[in-house]
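Encoded as structure tokens, the structure appears first; notes follow it.
Residue numbers (the numbering used here): 108 to 259.
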């Protein structure tokens, strides 16, 4: 699994909209400016995001976007899949090349990659946009928290 800018930008854009929609509809031009993401790129992403019913839009003066549902009802998996991110550990890289010949070693290795993919899917399915916005995600104990880096 390798997330591209599509998934990262889709998530950060929806976090931005969720945090600012209490002030009214949010234009993607505002998101573009605040997040320093190309407006043309965001327009392409939001076409997919809107088609997947994650946001609703209003056109015209004062138009913009808002979440289609509450942030707690939108999973991170939905966001990534909406912009065509592949979150399968077997889709590229280790475990994929040569996997079709079916040696016992490849079958056993692929079971591990399938298990990893299942864990990633489960985590992304259970984690919501609200979890990200509320900063309620537990850091991995093996990794230092970002706050440790901010203090130095």
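We put the beta carbon where it would ideally sit given N, CA and C, even for glycine. All of these numbers come straight from a predicted model, not from anything done at the bench.
Excluding sequence positions up to five before and after residue 152, its CB lies within less than 8 Å of the CB of 113, 116, 117, 120, 190, all in the same chain and listed in chain order. C-alpha of residue 147 to C-alpha of residue 157: approximately 15 Å in a straight line. The DSSP-derived three-state label of residue 229 is helix. At the C-beta level, residue 144 and residue 161 stay beyond 8 Å of one another. For residue 165, the enclosing beta strand (DSSP E) has its first and last residue at 162-165.
In this structure, the alpha-carbon of residue 216 lies about 54 Å from that of residue 169. Judged by beta-carbon spacing, residue 238 lies beyond the 8 Å limit of residue 231, meaning their Cβ atoms are not closer than that value. When secondary structure is reduced to three states using DSSP, residue 174 falls in the strand class.
Residue 177 sits exposed, since fewer than 16 C-beta atoms from the chains shown fall within 10 Å of its C-beta. Per the coordinates, the alpha-carbon of residue 159 lies some 15 Å from the alpha-carbon of residue 149.
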